[in-house]
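Here's the structure we're looking at; comments come further down.
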Amino acid sequence: MFELPLSSALLERARAVIPGGVNSPVRAFAAVQGDPPFMVRGQGAYLYDVDGNRYLDLIGSWGPLILGHAHPEILEEIIAVMRRGTSFGCPTEAEVLYAEELCAAHPVLEQVRLCSSGTEATMHAIRLARGATGRDGIVKLDGCYHGAHDAVLVAAGSGVVTFAQPGSPGIPSAVAGLTRTAPYNDLDTVRAHLEKGDVAAVILEAVPGNMGCIVPEPGYLQGLRDLTRQHGSLLIIDEVMTGFRLSRGGACQLFDIDADLVCLGKIVGGGMPLAAFGGKAEIMARLSPVGPVYQAGTLSGNPVAVAAGRATLARLTDDVYAHLAATADEIDRRLRPLVQGRDLSLSRVGSMFTIFFRPTPPRCFRDVKECDMKAFGRFHRQALSQGIYLPPSQYEAVFLPAILEPADVDHLISGLDAALQAVVGSAA
Ligand SMILES: *Cc1c(COP(=O)(O)O)cnc(C)c1O
């Protein structure tokens with residue numbers, strides 16, 4: 001007789017052959033003291049696990065699946081392309097069309113280069129900024145995430161902003177020392193770093209989602225633009241999460257930011273491994289083979305990923321964005337009193353939001369660290385038992401899909417209310 005393929009049995013086997021049983025750490029549920037369900041299928045706004053449970057999916061593969069899982073027309077387009085081959089390592093027409101579409105959609109992009117992950121996009125954008133300015137330093141904001149490479153896995157050493165600490169063993173201190181950190185929503189620390197004159201670029205998530213959703217204060221983003229210009233540094237907006245989510249032109253369109261370079265990922269790959277970086281043509285001209293700054297990728301711009309990205313973007317019409325905005329507003333209107341009535345806080349920008357287990361919305365990473373993480377963990381487990389798949393950490397944001405129907409929204413509100421009720425009691 002076969003054993004049932006339950007999530008817990010799979011987890012045990014996984015842990016024997018994969019560190020922690022997962023291929024990306026946050027999936028392990030360590031931050032919420034739980035065990036992750038193993039998924040077999042996604043359809044529309046829902047995920048299905050090996051034990052037959054169904055979840056309203058509020059992460060959408062961490063952002064890409066703005067149109068839900070297994071969209072039939074998108075799948076057809078990917079399959080049609082795949083029948084003609086999966087990768088050539090040679091130029092294709094679809095890459096040209098996609099670059100034209102990306103440049104037309106995003107206000108900062110004059111030229112763009114495709115790669116395969118957000119990590120690659122920020123790594124290459126930072127190298128390009130260093131190559132273009134001839135400077136080595138970068139400024140990164142505490143709590144922003146730009147992928148898993150050395151330059152950006154650095155957090156501020158408790159208040160000692162001049163002594164950056166490596167965020168992970170294995171990162172040489174010589175590399176970490178080139179990354180200066182500053183709190184989000186604070187211009188003074190950034191100014192002090194820039195005044196030293198050795199900063200190639202300031203890189204940030206214009207709306208951070210990787211420390212939970214944080215709202216930029218009025219004037220902050222423009223302040224960073226003005227300061228970087230004044231000191232000859234470039235401004236890199238990492239739109240891997242916000243690109244094509246906060247608007248067609250991302251955070252740069254929403255907040256009118258004239259960045260030098262932007263990084264895209266997640267939605268632009270439509271659920272396949274594809275990302276991009278680009279910006280002013282003058283800077284992009286420094287890139288190999290035109291210029292001296294080297295960058296490459298065997299599977300970059302492969303036909304399958306390009307087809308998934310193009311098929312997704314082609315369906316992100318004004319109507320879809322209007323529906324997403326209306327859904328997010330409706331959820332906010334109904335959820336906010338349930339959260340605030342329990343002395344918790346809700347931060348939201350468009351279709352990204354986080355319920356924080358602290359009474360006031362955080363302004364920066366330090367504030368987020370004050371949240372009641374244990375209570376968040378209990379809330380997460382309760383939500384899961386209500387059939388709602390939240391991001392498994394207080395340091396993450398919900399990404400709403402643009403396909404929610406009124407019944408899904410009702411389910412979301414009643415499920416989260418029941419979960420909050422179980423953890424912190426009734427709303428006042
Ligand atoms: C997810 C993310 C990345 C990293 O992208 P990967 O494809 O996971 O390498 C970089 N920056 C931001 C803002 C992200 O949200």
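Residue numbers (my numbering): 1 to 428. Idealized CB from N, CA, C, for every residue including glycine.
| Asked | Found |
| --- | --- |
| Cutoff 7 Å; reference VAL81; Cβ partners in own chain excluding five residues on either side | PRO303, VAL304, ALA307 |
| Selected residue, minimal CA-CA separation from HIS231, among VAL215, VAL199, GLY250, GLN222 | VAL199 |
| Proximal residues to ASP150 (C-beta, below 6 Å), its chain only, five neighbours per side dropped | ILE171, VAL175 |
| beta-carbon SER61 near ligand 1 non-hydrogen atom, thresh 6 Å | no |
| Helix, strand or coil at GLY159 [DSSP, three-state] | For GLY159, the predicted model reports a pLDDT of 34, less than 50, meaning its position is unreliable; a value from the coordinates is still stated below. Of the three classes helix, strand and coil, the one that applies to GLY159 here is coil, per DSSP. |
| Neighbourhood of ARG334 by C-beta, 6 Å cutoff - its chain only, sequence neighbours within 5 removed | ILE413 |
| Distance cut-off 6 Å: GLU205 Cβ against heavy atoms of ligand 1 | yes |
| When VAL207, ASP226, GLY219, ALA201 are compared against ALA251, the one with the closest alpha-carbon | VAL207 |
| Residue from ARG127, GLN43, TYR48 whose Cα sits closest to the Cα of PRO292 | ARG127 |
| Three-way DSSP call (helix, strand, coil) for HIS411 in this model | helix |
| The region 111-126 contacting the region 286-300, beta-carbon criterion three pairs below 8 Å | yes |
| Rounded distance between the beta-carbons of HIS106 and CYS115, thought under 8 Å | Not really, about 16 Å apart at Cβ, beyond 8 Å. |
| Secondary structure, alpha helix (DSSP H): runs of 4+ residues fully inside the region 290-332 | 303-314 |
| Integer-rounded CB distance, given that GLU12 should sit under 8 Å from GLY212 | 31 Å between Cβ atoms; not a contact. |
| Which residues DSSP lists as bridging ARG180, in chain order | VAL139 |
| Backbone secondary structure at VAL51 - three-state DSSP | With the sequence shown as reference, residue 51 is identified as Asp, and Val is not the correct amino acid for it. Correct three-state label for ASP51: coil. |
| Paired residues, beta bridge with SER347 - DSSP | THR354 |
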